[in-house]
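Chains as they are written, first to last, in our numbering: chain A, 1 to 167; chain B, 168 to 330.
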């Protein structure tokens with residue numbers, strides 16, 4: 001019985017040597033980052049044009065925009081899924097034609113994939129999407145003018161500002 | 168009862184003999200630098216065409232680091248030396264999330280390894296009491312696998328090969 005204990009002791013000591021000295025430490029120096037690109041990117045502001053035939057003004061016929069806009073957002077930080085990222089759109093400033101205004105509530109969009117969902121501008125600041133960090137999300141938005149408000153003929157210009165935030 | 172013990176010892180003895188021949192851990196305490204600290208940073212920057220894997224890729228690289236292995240007990244013997252990473256690494260959530268690769272100055276082989284795996288450094292006759300080389304490491308880590316800073320010990324194993 002004593003011999004059995006001796007062999008068992010050898011087995012344990014043979015499997016657990018503590019010889020190593022080098023220790024590797026990998027320290028995280030990566031700064032949390034977020035990025036957003038709406039449209040073509042760069043300093044230029046992407047423009048969507050809606051041409052409303054005079055015979056259709058305010059008759060409720062949806063008027064599609066001239067082109068789709070790609071929205072691309074990404075956020076990274078460690079650990080993953082630790083920070084809530086928010087994509088917002090600010091449409092509080094209406095389109096204007098001189099002193100005449102046209103609210104952005106007359107515009108909505110459909111998403112190609114739905115990763116950044118379809119919706120309608122609320123004329124203020126609204127959350128389009130929330131997601132946790134360590135992801136990249138993109139989609140194509142196809143904008144439509146609802147064409148329900150009677151407005152004076154002319155050219156109206158306005159701007160929606162998209163903002164991405166992460167705490 | 169006596170018969171039972173005899174049978175157990177008969178099985179245990181060959182196993183112990185096999186283990187002692189197959190793999191032993193080498194002492195690397197002769198290495199001049201003991202604590203090796205590396206800074207992880209994002210691998211890709213200012214790009215929008217990244218996959219999630221590329222977006223979350225962290226990387227760290229080192230200057231050549233001198234490593235000395237005590238092989239004095241094995242001079243004259245044919246052996247294989249491996250570099251192994253432990254399975255359990257502090258701060259790491261997923262084994263697939265980390266890869267360590269290296270280049271050397273030729274005494275040992277270049278290679279790469281993931282946690283729980285090992286890579287052949289040397290095969291042949293041990294001729295020196297201390298085997299030395301300089302390792303330039305590269306660490307690639309998926310930040311989604313990172314809980315906090317990582318800390319681990321590389322393990323150097325030697326296998327003596329019978330003639």
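For glycine and all other residues, C-beta sits at the position ideal for the given N, C-alpha and C.
Compare the C-beta of residue i against all C-beta atoms of chain B and say whether one is closer than 8 Å.
i: residue 165/A; result: no
i: residue 87/A; result: no
i: residue 72/A; result: yes
i: residue 21/A; result: yes
i: residue 47/A; result: no
i: residue 83/A; result: no
i: residue 78/A; result: yes
One question on the structure: do residue i and residue j come within less than 8 Å of each other, judged by their Cβ atoms?
i: residue 27/A; j: residue 205/B; result: yes
i: residue 83/A; j: residue 77/A; result: yes
i: residue 203/B; j: residue 23/A; result: yes
i: residue 121/A; j: residue 99/A; result: no
i: residue 307/B; j: residue 224/B; result: yes
i: residue 65/A; j: residue 143/A; result: yes
i: residue 303/B; j: residue 230/B; result: yes
i: residue 38/A; j: residue 145/A; result: no
i: residue 305/B; j: residue 268/B; result: yes
i: residue 73/A; j: residue 36/A; result: yes
i: residue 292/B; j: residue 258/B; result: no
i: residue 296/B; j: residue 234/B; result: no
i: residue 289/B; j: residue 232/B; result: no
i: residue 96/A; j: residue 158/A; result: yes
i: residue 226/B; j: residue 250/B; result: no
i: residue 80/A; j: residue 29/A; result: no
i: residue 105/A; j: residue 123/A; result: yes
Can you confirm whether residue i, when its beta carbon is compared against all beta carbons of chain A, has any partner nearer than 8 Å?
i: residue 317/B; result: yes
i: residue 201/B; result: yes
i: residue 305/B; result: no
i: residue 230/B; result: no
i: residue 190/B; result: no
i: residue 298/B; result: no
i: residue 261/B; result: no
i: residue 320/B; result: yes
i: residue 209/B; result: yes
Pop quiz: residue i and residue j are said to be a contact at Cβ under 8 Å. What is the actual Cβ separation, rounded to whole angstroms?
i: residue 132/A; j: residue 101/A; result: Not quite, the Cβ-Cβ distance comes to about 38 Å (not below 8 Å), so this is no contact.
i: residue 287/B; j: residue 247/B; result: 6 Å
i: residue 220/B; j: residue 277/B; result: Residue 220/B to residue 277/B, Cβ: 24 Å. No contact.
Can you tell me whether residue i is helix, strand or coil according to DSSP?
i: residue 255/B; result: coil
i: residue 244/B; result: coil
i: residue 306/B; result: strand
i: residue 202/B; result: strand
i: residue 311/B; result: helix
i: residue 173/B; result: A caution first: residue 173/B carries a pLDDT of 43, below 50, which makes its placement in the model unreliable, though a value can still be read off. Looking at residue 173/B - three-state DSSP - the assignment turns out to be helix.
i: residue 72/A; result: strand
i: residue 80/A; result: coil
i: residue 126/A; result: strand
i: residue 142/A; result: strand
i: residue 220/B; result: helix
i: residue 289/B; result: strand
i: residue 3/A; result: Residue placement at residue 3/A is poorly supported in this model, since its pLDDT is 40, which falls under 50; the coordinates are not used for a value here.
i: residue 133/A; result: coil
**Asked** In the segment 22-34 of chain A, which residues sit with their C-beta less than 9 Å from some C-beta in chain B, listed in chain order?
**Response** Going along the segment 22-34 of chain A in chain order, one finds 22, 23, 24, 25, 26, 27, 28, 29, 30, 31 and 33 with a Cβ nearer than 9 Å to chain B.
**Request:** Compile a chain-ordered list of the residues in the segment 234-250 of chain B whose CB is closer than 9 Å to at least one CB of chain A.
**Result:** For the segment 234-250 of chain B, the set of residues with a beta-carbon nearer than 9 Å to any beta-carbon of chain A comprises 234 and 237, in chain order.
**Request:** Identify each residue in the segment 273-296 of chain B for which the Cβ-Cβ distance to at least one residue of chain A is less than 7 Å, and report them in chain order.
**Result:** Within the segment 273-296 of chain B, no residue has a Cβ that lies closer than 7 Å to any Cβ of chain A.
**Request:** Give, in chain order, every residue of the segment 123-140 of chain A whose Cβ lies closer than 7 Å to some Cβ of chain B.
**Result:** Taking 7 Å as the Cβ-Cβ cut-off against chain B, the residues of the segment 123-140 of chain A that qualify are 134, 135 and 136.
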